[in-house]
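Engineer: Protein chains in written order, with our numbering: chain Y, 778 to 989; chain A, 21 to 30.
No residue lacks a Cβ here, since even glycine has one placed at the ideal position from N, Cα and C.
Every value quoted in this text rests on a predicted model; they were computed, and no experiment measured them.
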Amino acid sequence: MNAFRLVGDLCHLAAIVLLLLKIWKSRSVAGLSGKSQILFGLVFVTRYLDLVTNFVSPYNTIMKVFFLSSSIATVYLIYTKFKATYDGNHDTFRMEFLLIPCALLAIVVNHEFSPMEILWTFSIYLEAVAILPQLFMISKTGEAETITSHYLFALGSYRGLYIMNWLYRYYYENNFDVIAVVAGIVQTVLYCDFFYLYITKVLQGKKLQLPA
Amino acid sequence: SDCKKTKDEL
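1. DSSP has Ala921 of chain Y in a bridge; who is on the other side?
2. Measuring alpha carbon to alpha carbon, tell me which of Y:Arg871, Y:Trp897, Y:Thr869 and Y:Thr862 ends up nearest Leu882 of chain Y.
3. CB-CB under 6 Å to Val740 of chain Y, same chain, minus the five flanking residues each way: which ones, in chain order?
4. Under DSSP, the alpha helix (DSSP H) around Asp970 of chain Y begins and ends at which residues?
5. Could you tell me whether the Cβ of Val833 of chain Y comes closer than 7 Å to any Cβ of chain A?
6. Can you grab the Cα-Cα spacing for the pair Arg824 of chain Y / Ile962 of chain Y, in whole Å?
7. Applying the 10 Å Cβ sphere with the 16-neighbour rule, what's the burial state of Asp970 of chain Y?
8. How far does the alpha helix (DSSP H) with Ala905 of chain Y in it reach, from first residue to last?
9. From Y:Val979, Y:Asn951, Y:His927 and Y:Lys978, pick the residue whose C-alpha is nearest to that of Leu790 of chain Y; which is it?
10. Skipping 5 residues on each side, what residues in its chain have a beta carbon closer than 6 Å to that of Asn887 of chain Y?
11. So which residues on chain A does Phe844 of chain Y lean against when the C-beta distance must stay under 9 Å?
12. Distance cutoff 7 Å, beta carbons only. Does Met893 of chain Y sit that close to anything in chain A?
13. Is it true that the region 781–788 of chain Y meets the region 939–946 of chain Y, where meeting means three or more beta-carbon pairs spaced less than 8 Å apart?
14. Going by other Cβ atoms of all chains shown within 10 Å of its Cβ, with 16 needed for buried, is Ser766 of chain Y buried or exposed?
15. Kindly indicate which residue of Y:Gln981, Y:Ile877, Y:Asp827 and Y:Ser813 has the alpha-carbon position closest to the one of His867 of chain Y.
16. What residues of chain A sit near Arg782 of chain Y, judged by a beta carbon separation below 9 Å?
17. Would you tell me roughly how many angstroms separate the C-alpha atoms of Met778 of chain Y and Glu904 of chain Y, rounded to the nearest one?
18. Is the beta carbon of Gln986 of chain Y closer than 7 Å to that of Glu920 of chain Y?
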């Protein structure tokens with residue numbers, strides 16, 4: 778474990794907690810893409826299948842349990858408890874356009890052609906693009922609540938910090954996973970446009986408004 | 021391959 782990865786995991790944790798706080802305090806899921814949350818849930822389910830078979834450390838297990846349960850809880854809150862506030866008309870990104878290419882790519886490009894490895898690879902590819910429905914929804918509504926933009930900033934930062942972690946592990950531990958690194962770079966690049974808006978607007982105290 | 025060693029990540 779290194780500082781980049783620890784801070785990255787804490788950013789990821791903060792993002793998920795921020796999202797749950799926003800939903801619970803505002804009693805609303807307005808502005809949130811249920812599809813992105815479904816995709817994140819799928820990412821955790823397909824990646825943490827080894828939760829019970831492969832023990833890494835107490836930290837690793839606790840975080841996996843938290844990520845799994847919180848993502849499933851978020852989907853539940855969006856599609857059942859606060860369904861009335863879910864803005865389905867603006868959450869129209871076609872998930873199959875992400876699921877099918879990620880599944881095909883995971884079958885073709887992986888480290889080992891075994892079910893667990895292909896599912897892990899699928900989860901890595903899917904995580905890289907899972908935020909697209911949410912970013913697409915913001916581009917359609919033209920704005921995002923401030924706490925939602927904090928959520929996105931924390932979520933985007935987590936994988937950016939993981940890239941630093943991979944650089945560190947490459948130079949100091951001679952560990953390197955090209956699939957995770959390439960997907961992580963794609964994932965972080967997708968946030969760049971949002972990062973620009975966040976830093977120039979939200980940090981100036983303005984609401985996140987996309988140029989019409 | 022050495023990539024296995026990053027499987028301790030979340």
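Structural biologist: For this structure:
1. Looking up residue 921 of chain Y in the first sequence gives position 144. DSSP output for Ala921 of chain Y lists Y:Leu985 as bridge partner(s).
2. As a working note, residue 882 of chain Y is residue 105 in the first sequence. With distances taken between Cα atoms, Leu882 of chain Y lies closest to Y:Trp897.
3. Because chain Y in this structure spans residues 778 to 989, residue 740 of chain Y falls outside the shown range and cannot be described.
4. Position 193 of the first sequence holds residue 970 of chain Y. Its alpha helix (DSSP H) spans residues Cys969 to Thr977.
5. Reading the first sequence from its first residue, position 56 is the one you call residue 833 of chain Y. Answer yes: the Cβ-Cβ gap between Val833 of chain Y and chain A drops below 7 Å somewhere.
6. As a first step, residue 824 of chain Y must be located in the first sequence, where it is residue number 47. As a first step, residue 962 of chain Y must be located in the first sequence, where it is residue number 185. Rounded to whole angstroms, Arg824 of chain Y to Ile962 of chain Y spans 18 Å at the Cα level.
7. Translated into the one-based positions of the first sequence, residue 970 of chain Y becomes position 193. Under this definition Asp970 of chain Y is an exposed residue.
8. In the first sequence, residue 905 of chain Y corresponds to position 128, counting from 1. From DSSP, the alpha helix (DSSP H) with Ala905 of chain Y extends over Pro892 to Val906.
9. Residue mapping note: residue 790 of chain Y aligns to position 13 of the first sequence, counting from 1. It is Y:His927 whose Cα lies nearest to the Cα of Leu790 of chain Y.
10. Taking the first sequence and counting its residues from 1, the one referred to as residue 887 of chain Y is at position 110. Taken in chain order, the residues that qualify are Glu894, Ile895 and Thr898.
11. Position 67 of the first sequence, counted from the first residue, corresponds to residue 844 of chain Y. Under the 9 Å cutoff, chain A gives Leu30.
12. Walking along the first sequence from the start, residue 893 of chain Y turns up at place 116. No, its Cβ sits nowhere closer than 7 Å to a Cβ of chain A.
13. yes
14. No information on residue 766 of chain Y is available, as it lies outside the stretch 778 to 989 that chain Y covers here.
15. Taking the first sequence and counting its residues from 1, one reaches residue 867 of chain Y at position 90. Out of Y:Gln981, Y:Ile877, Y:Asp827 and Y:Ser813, Y:Ser813 has the C-alpha closest to the C-alpha of His867 of chain Y.
16. Indexing the first sequence from 1 puts residue 782 of chain Y at position 5. Per Cβ cutoff of 9 Å: Glu29 and Leu30.
17. For the purposes of this step, residue 778 of chain Y is taken as residue 1 along the first sequence, with counting starting at 1. For the purposes of this step, residue 904 of chain Y is taken as residue 127 along the first sequence, with counting starting at 1. Cα to Cα, the separation comes out at about 21 Å.
18. Position 143 of the first sequence, counting from 1, holds the residue named residue 920 of chain Y. Position 209 of the first sequence, counting from 1, holds the residue named residue 986 of chain Y. Contact: yes.
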